[in-house]
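> The opening position of the sequence shown corresponds to residue 777 in my numbering, with each subsequent residue numbered one higher. Beta carbons are placed, not taken as given, at the ideal position from N, Cα and C, and that holds for glycine. Model, not experiment: these values are computed from the prediction.
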Amino acid sequence: MVGLITDKREIDEIIAQNIQDKRLVFTQNFRIRNAMRDITDERALEVFSQFEKVFAIEKKLLKQGDIGYELFYSLSNNITFSIATIPKGNNLLLIHAIEYKRSLGKRFKID
Numbered sequence: 777m778v779g780l781i782t783d784k785r786e787i788d789e790i791i792a793q794n795i796q797d798k799r800l801v802f803t804q805n806f807r808i809r810n811a812m813r814d815i816t817d818e819r820a821l822e823v824f825s826q827f828e829k830v831f832a833i834e835k836k837l838l839k840q841g842d843i844g845y846e847l848f849y850s851l852s853n854n855i856t857f858s859i860a861t862i863p864k865g866n867n868l869l870l871i872h873a874i875e876y877k878r879s880l881g882k883r884f885k886i887d
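Quick look at the structure:
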């Protein structure tokens with residue numbers, strides 16, 4: 777199951793219920809993949825809390841039965857940042873962060 781959420785009310789609700797105010801846990805995968813992409817923990821944290829810039833969330837049912845949320849942030853003209861997460865109790869596992877310097881219109885089926 778993959779679902780794209782773009783309604784601002786739904787985005788705010790997901791963030792409030794599943795993302796915000798949880799203890800962030802940097803997974804080993806997060807650190808390895810971000811080192812390869814030259815994204816620091818500090819950069820990811822700087823973007824993470826800017827929830828007002830989230831314009832879409834992909835909700836995915838993962839292999840182990842967890843629900844994952846990938847938050848897409850509109851940072852500036854044609855720069856999008858995404859952070860993939862998995863809520864686990866009071867923790868929020870950070871899976872990866874990616875900075876896109878191109879339009880994601882095709883991914884989101886935007887004309």
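Give the DSSP-derived three-state secondary structure of K798 in the structure shown.
Here residue 798 refers to the residue found at position 22 of the sequence shown. Coil, per DSSP.
> Just tell me which of Q796, D783, R785 has its CA closest to the CA of L869.
Position 93 of the sequence shown, counted from the start, is the residue given in the question as residue 869. Per the Cα distances, Q796.
> Can you tell me the Cα-Cα spacing of D817 and A860, whole angstroms?
In the sequence shown, counting from the first residue as 1, residue 817 sits at position 41. In the sequence shown, counting from the first residue as 1, residue 860 sits at position 84. The straight-line gap from Cα to Cα measures roughly 14 Å.
> Where K877 and T856 are concerned, what is the direct C-alpha to C-alpha distance, given to the nearest angstrom?
One-based indexing of the sequence shown puts residue 877 at position 101. One-based indexing of the sequence shown puts residue 856 at position 80. Using only the alpha carbons, I get a separation of about 7 Å.
> Using a beta-carbon distance below 9 Å, is D783 in contact with chain B?
In summary, chain B is missing from the structure at hand, where a single protein chain is found.
> Reducing DSSP to helix, strand and coil, say where I815 ends up.
Reading the sequence shown from its first residue, position 39 is the one you call residue 815. Coil.
> So, are the CB atoms of I843 and N794 less than 9 Å apart?
Translated into the one-based positions of the sequence shown, residue 843 becomes position 67. Translated into the one-based positions of the sequence shown, residue 794 becomes position 18. Against a cut-off of 9 Å, the Cβ pair of N794 and I843 comes out as a contact.
> Which residues mark the beginning and the end of the alpha helix (DSSP H) in which E786 is found?
Position 10 of the sequence shown, counted from the first residue, corresponds to residue 786. It spans 784-790 - the alpha helix (DSSP H) in which E786 sits, taken as one unbroken run.
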